[in-house]
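Q: Here you go, one structure.
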Amino acid sequence: HLATSLPLPSERDHLRPRIDLIAFMIDIKSKYSLKNVEASLAHVDASFFLGKVCFLVTGVGRVNCCSVEMDAIWKLGEVYCSPMLFCELELEGVRAATAQRLLRMLQICAGHVPGVSALSFGSLMRNSADY
Amino acid sequence: KENADPQRTAFLLRKQWTLYSVTPLYKFSNAHLRDYARLLSAFIAAEKQKGLAVEVGVELDIKVAVSSLPDLRGSDQDQAAILVQLSLRSPASPKTSEEKLIWSGWFCCVSGDDLSENVPEDFTCLPLFLANGAESYTSIVGSWFQKTFDCCFRRLAISPLNLSWMAAMWTGCKVDKTASAMELIFSVPCLPQPLDISYAIHPEDAKALWDTVQKTPGEITQEEVDVFMDCLYSHFHRHFKIHLSATKLVKVSTAIASAHCDGVIKFLQSQYLTGVLMLLTELAISQIQ
Numbered sequence: 159h160l161a162t163s164l165p166l167p168s169e170r171d172h173l174r175p176r177i178d179l180i181a182f183m184i185d186i187k188s189k190y191s192l193k194n195v196e197a198s199l200a201h202v203d204a205s206f207f208l209g210k211v212c213f214l215v216t217g218v219g220r221v222n223c224c225s226v227e228m229d230a231i232w233k234l235g236e237v238y239c240s241p242m243l244f245c246e247l248e249l250e251g252v253r254a255a256t257a258q259r260l261l262r263m264l265q266i267c268a269g270h271v272p273g274v275s276a277l278s279f280g281s282l283m284r285n286s287a288d289y
Numbered sequence: 002k003e004n005a006d007p008q009r010t011a012f013l014l015r016k017q018w019t020l021y022s023v024t025p026l027y028k029f030s031n032a033h034l035r036d037y038a039r040l041l042s043a044f045i046a047a048e049k050q051k052g053l054a055v056e057v058g059v060e061l062d063i064k065v066a067v068s069s070l071p072d073l074r075g076s077d078q079d080q081a082a083i084l085v086q087l088s089l090r091s092p093a094s095p096k097t098s099e100e101k102l103i104w105s106g107w108f109c110c111v112s113g114d115d116l117s118e119n120v121p122e123d124f125t126c127l128p129l130f131l132a133n134g135a136e137s138y139t140s141i142v143g144s145w146f147q148k149t150f151d152c153c154f155r156r157l158a159i160s161p162l163n164l165s166w167m168a169a170m171w172t173g174c175k176v177d178k179t180a181s182a183m184e185l186i187f188s189v190p191c192l193p194q195p196l197d198i199s200y201a202i203h204p205e206d207a208k209a210l211w212d213t214v215q216k217t218p219g220e221i222t223q224e225e226v227d228v229f230m231d232c233l234y235s236h237f238h239r240h241f242k243i244h245l246s247a248t249k250l251v252k253v254s255t256a257i258a259s260a261h262c263d264g265v266i267k268f269l270q271s272q273y274l275t276g277v278l279m280l281l282t283e284l285a286i287s288q289i290q
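As they're listed, the protein sequences go chains U and P. Using my numbering, the first residue of the first sequence is number 159, and each one after it goes up by one. Using my numbering, the first residue of the second sequence is number 2, and each one after it goes up by one.
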């Protein structure tokens with residue numbers, strides 16, 4: 159499910175399946191996307207931050223188009239105790255690899271991988287800063 | 002920090018300079034500038050013979066001058082700036098020595114301690130290069146320097162983040178005469194037709210806004226720059242319902258200087274020349290490292 163911001167419209171609440179993972183996308187070329195994510199985070203229930211939230215930072219391939227300060231991004235990951243994935247959407251290989259990682263994370267968060275919980279996996283990911 | 006003598010540097014103002022970062026030059030010496038001029042002149046003549054002539058037709062006599070600009074530096078630790086000028090000698094009247102300046106380029110380093118402290122001997126740090134004139138001459142001069150001093154030139158791009166720093170910094174500068182409006186140009190992404198938005202702000206309004214944001218005179222923090230820009234963006238949104246923060250800031254123009262994200266700068270005030278060069282030197286050094 160794709161949404162431009164939170165909260166999700168309440169009219170469809172009864173039709174919505176259980177949410178296992180929320181991936182917030184931040185484009186470092188757009189300050190607006192960071193502000194939007196920050197505002198949306200306020201609408202997320204605290205229980206999600208136990209491994210069911212991650213940040214996907216895009217546009218990292220072109221340092222010269224950067225409109226957002228990296229420190230602000232790192233701080234967000236720290237404050238919300240959630241892992242950060244960096245991705246350059248324009249490169250097909252990176253796009254496919256990132257999609258596979260997200261899918262794997264989703265499988266764990268949905269409880270489909272025996273022996274690995276969302277919380278343990280989340281803290282494992284947070285401790286290794288990936289690029 | 003001494004300011005460069007305004008008369009000696011007046012010729013640098015109001016010209017469009019394309020920016021490059023340059024890695025340290027190997028075995029470059031201030032004492033051999035005249036020799037370098039001669040060698041570069043021969044190189045240009047040779048390139049012309051190879052058929053890479055930049056202009057067709059009349060036999061061109063290009064004179065090369067290489068000189069030092071000792072005033073353009075931050076401290077004594079910096080290397081003095083080096084200026085290269087290409088002039089055309091008029092073929093019709095060789096005796097009148099009427100020369101037309103066709104291309105200028107200068108290397109400089111203002112407060113480049115971060116780089117010069119970590120570089121072995123025999124290397125000269127002049128990380129910033131500015132060129133004005135035909136791209137073909139920039140290419141020839143650049144090739145000669147790269148071959149002779151084993152250095153590397155790269156276009157210096159300026160990110161929107163750095164441009165907003167410049168907007169905030171330059172707004173805070175005091176200008177004697179009536180300042181021109183501050184102009185910000187944004188490029189809107191993801192549209193079938195490219196669209197540019199120009200946002201002009203009265204210089205006094207901009208300065209008044211900056212003065213309320215900046216807490217310590219002489220110091221600027223990222224937070225202050227963010228607040229300044231956010232105020233400008235919300236003001237624009239209130240009137241036009243457009244989120245400038247979702248677009249790309251590509252050009253900043255103030256009374257002090259104007260800068261474009263492709264790495265083009267124009268200096269407008271000699272008083273702040275060294276200050277702007279210091280910022281550009283810093284950007285060039287981060288591109289090199």
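Backbone N, C-alpha and C fix where the C-beta goes; we use that ideal spot for every residue, glycine too.
Show which residues of chain U have a CB atom less than 7 Å away from the CB atom of P/Lys242.
A: In the second sequence, the residue the question calls residue 242 of chain P occupies position 241. Those within 7 Å of P/Lys242 in chain U number zero; the least Cβ separation is about 13 Å.
Q: Drop a sphere of 10 angstroms on the beta-carbon of P/Trp145, count the other beta-carbons inside from all chains shown, and report buried for 16 or more, exposed for fewer.
A: Here residue 145 of chain P is taken as the residue at index 144 of the second sequence, counted from 1. Buried is the call here.
Q: Indicate whether P/Lys28 and P/Asp123 have their beta-carbon atoms separated by less than 7 Å.
A: Counted from its first residue, the second sequence places residue 28 of chain P at position 27. Counted from its first residue, the second sequence places residue 123 of chain P at position 122. Yes; because the gap between Cβ atoms is below 7 Å, this pair is in contact.
Q: For chain U, find out if any of its Cβ atoms is closer than 7 Å to the Cβ of P/Pro161; answer yes or no.
A: On the second sequence, residue 161 of chain P is found 160 positions in, with the first residue counted as 1. Yes - at least one Cβ of chain U is within 7 Å of the one on P/Pro161.
Q: Do P/Val65 and P/Ser91 have their C-beta atoms closer together than 7 Å?
A: Mapped onto the second sequence, residue 65 of chain P falls at position 64. Mapped onto the second sequence, residue 91 of chain P falls at position 90. Cβ distance not < 7 Å, so P/Val65 and P/Ser91 don't count as in contact.
Q: For P/Phe130, which option in P/Leu40, P/Val23, P/Arg9 has the closest C-alpha, if you only look at C-alpha atoms?
A: Counted from its first residue, the second sequence places residue 130 of chain P at position 129. Measuring from the Cα of P/Phe130, the nearest candidate turns out to be P/Val23.
Q: With DSSP run on the structure shown, which of helix, strand or coil describes P/Lys252?
A: Counted from its first residue, the second sequence places residue 252 of chain P at position 251. Residue state, collapsed to three classes: strand.
Q: Put P/Leu127 into one of helix, strand or coil per three-state DSSP.
A: Position 126 of the second sequence, counting from 1, holds the residue named residue 127 of chain P. If DSSP states are grouped into helix, strand and coil, P/Leu127 belongs with coil.
Q: Taking Cβ positions only, does P/Ser88 come closer than 7 Å to chain U?
A: Position 87 of the second sequence, counting from 1, holds the residue named residue 88 of chain P. Not an interface residue.
Q: Anything in chain U within Cβ reach of P/Ala158, meaning under 7 Å, just list it in chain order.
A: The residue you call residue 158 of chain P lines up with position 157 of the second sequence. In chain order: Asn222.
Q: Check distances from the C-beta atoms of the region 246-257 of chain P to those of chain U and list, in chain order, the residues that come in under 9 Å.
A: Those residues of the region 246-257 of chain P that come within reach of chain U (Cβ to Cβ, closer than 9 Å) are Ser246, Ala247, Thr248, Lys249, Leu250.
Q: Would you mind giving the Cβ-Cβ distance between P/Ile221 and P/Ile141, rounded to the nearest angstrom? I have them listed as a contact below 8 Å.
A: Counted from its first residue, the second sequence places residue 221 of chain P at position 220. Counted from its first residue, the second sequence places residue 141 of chain P at position 140. With a Cβ gap of about 40 Å, P/Ile221 and P/Ile141 do not count as contacting.
Q: Closer than 7 Å, CB to CB, is U/Ser225 near chain P or not?
A: Here residue 225 of chain U corresponds to residue number 67 of the first sequence, with the count starting at 1. Closer than 7 Å to some Cβ of chain P, the Cβ of U/Ser225 qualifies, so yes.
Q: Suppose you measure from the CA of U/Asn222 to the CA of U/Glu169; what does that come to, to the nearest Å?
A: To locate residue 222 of chain U, count along the first sequence from 1; it is residue 64. To locate residue 169 of chain U, count along the first sequence from 1; it is residue 11. C-alpha separation (whole angstroms): 42 Å.
Q: Between U/Lys233 and chain P, is the shortest Cβ-Cβ distance under 7 Å, so that the two count as touching?
A: Counted from its first residue, the first sequence places residue 233 of chain U at position 75. No, U/Lys233 does not count as interfacial toward chain P.
Q: Assign U/Phe213 to one of two classes, buried (16 or more other C-beta atoms within 10 Å of its C-beta) or exposed (fewer than that).
A: Residue mapping note: residue 213 of chain U aligns to position 55 of the first sequence, counting from 1. By the neighbour-count rule (16 or more Cβ atoms within 10 Å), U/Phe213 is buried.
Q: Ignoring anything shorter than 3 residues or poking outside the region 138-207 of chain P, list the beta strand (DSSP E) runs there in chain order.
A: Segments of the beta strand (DSSP E) lying fully in the region 138-207 of chain P: 154-156, 183-189, 196-202.
Q: Go ahead and pull the three-state DSSP assignment for U/Leu249.
A: By one-based count along the first sequence, residue 249 of chain U stands at place 91. Correct three-state label for U/Leu249: coil.
Q: Against chain U, does P/Gln147 count as a neighbour if the rule is that its beta carbon must be under 7 Å from one of theirs?
A: Counted from its first residue, the second sequence places residue 147 of chain P at position 146. It does not: the Cβ of P/Gln147 has no partner Cβ on chain U nearer than 7 Å.
Q: Check U/Ser198 in the structure and name its three-state DSSP category.
A: Sequence index remark: in the first sequence, residue 198 of chain U carries index 40 (1-based). The answer is helix: DSSP assigns U/Ser198 an H, G or I state.
Q: What is the residue span of the alpha helix (DSSP H) that U/Glu236 lies within?
A: Here residue 236 of chain U corresponds to residue number 78 of the first sequence, with the count starting at 1. 228-237 is the span of the alpha helix (DSSP H), which, as asked, contains U/Glu236.
Q: Can you pull the chain U residues whose beta carbon is under 9 Å from the beta carbon of P/Gln223, in chain order?
A: The residue labelled residue 223 of chain P in the question sits at position 222 within the second sequence. Correct list: Glu227, Asp229, Ala230.
Q: Is the CB of U/Tyr190 under 7 Å away from at least one CB in chain P?
A: Numbered from 1 along the first sequence, position 32 holds the residue referred to as residue 190 of chain U. Yes, U/Tyr190 lies at the interface with chain P (some Cβ there is under 7 Å from its Cβ).
Q: In chain P, what lies closer than 7 Å to U/Lys187 by C-beta?
A: To locate residue 187 of chain U, count along the first sequence from 1; it is residue 29. Near U/Lys187 (Cβ distances below 7 Å), the residues of chain P are Lys249.
Q: According to the neighbour-count rule (16 or more other Cβ atoms, all chains shown, within 10 Å of its Cβ), is U/Met283 buried or exposed?
A: As a working mapping, residue 283 of chain U is identified with position 125 in the first sequence. U/Met283 is buried by the Cβ-count criterion.
Q: What does a CB cutoff of less than 6 Å around P/Ser188 pick up in its chain, not counting 5 residues either side in sequence?
A: The residue labelled residue 188 of chain P in the question sits at position 187 within the second sequence. Excluding sequence neighbours, P/Ser188 sits near Asp197, Lys249, Val251.
Q: Just the Cα atoms here: how many angstroms apart are P/Gln272 and P/Leu13?
A: Here residue 272 of chain P refers to the residue found at position 271 when the second sequence is read from its first residue. Here residue 13 of chain P refers to the residue found at position 12 when the second sequence is read from its first residue. Answer to the nearest angstrom: the Cα atoms are 12 Å apart.
Q: Count the other CB atoms within 10 Å of the CB of P/Asn119; is the residue buried (16 or more) or exposed (fewer)?
A: The count along the second sequence starts at 1 and reaches residue 119 of chain P at position 118. P/Asn119 comes out exposed.
Q: Could you tell me if U/Asp229 is buried or exposed, where buried requires 16 or more neighbouring beta carbons within 10 angstroms of its beta carbon?
A: Along the first sequence, one-based indexing puts residue 229 of chain U at 71. That one is exposed.
Q: Judging by CA-CA distance, which residue of P/Val226, P/Leu278, P/Thr149 is the nearest neighbour of P/Gln270?
A: For the purposes of this step, residue 270 of chain P is taken as residue 269 along the second sequence, with counting starting at 1. Looking at the Cα atoms, P/Leu278 is the closest of the given residues.
Q: Between which two residues does the beta strand (DSSP E) holding U/Gly280 run?
A: The residue labelled residue 280 of chain U in the question sits at position 122 within the first sequence. First-last for U/Gly280: 276-284, but that is the alpha helix (DSSP H), not the beta strand (DSSP E).
Q: Just verifying my parser: in three-state terms, what is the DSSP assignment at P/Phe44?
A: The residue labelled residue 44 of chain P in the question sits at position 43 within the second sequence. It is helical.
Q: Taking the beta carbon of P/Asn163 as the centre, do at least 16 other beta carbons fall within 10 Å, making it buried, or is it exposed?
A: Taking the second sequence and counting its residues from 1, the one referred to as residue 163 of chain P is at position 162. Counting Cβ neighbours within 10 Å, P/Asn163 comes out buried, since at least 16 surround it.
Q: For the structure I just gave you, are there three or more beta carbon pairs, one from the region 228-245 of chain U and one from the region 201-211 of chain U, closer than 8 Å?
A: Short answer: they touch.
Q: Taking 7 Å as the CB-CB cut-off, is U/Tyr289 touching chain P?
A: Residue 289 of chain U sits at position 131 when you count from the first residue of the first sequence. Its pLDDT being 41, under 50, U/Tyr289 is placed unreliably in this model, and the value from its coordinates should be taken loosely. Judged by the 7 Å Cβ criterion, U/Tyr289 is not in contact with chain P.
Q: Going by DSSP, what residues sit across from P/Asn119 in a beta bridge?
A: Along the second sequence, one-based indexing puts residue 119 of chain P at 118. Partner(s): none; P/Asn119 has no beta bridge.
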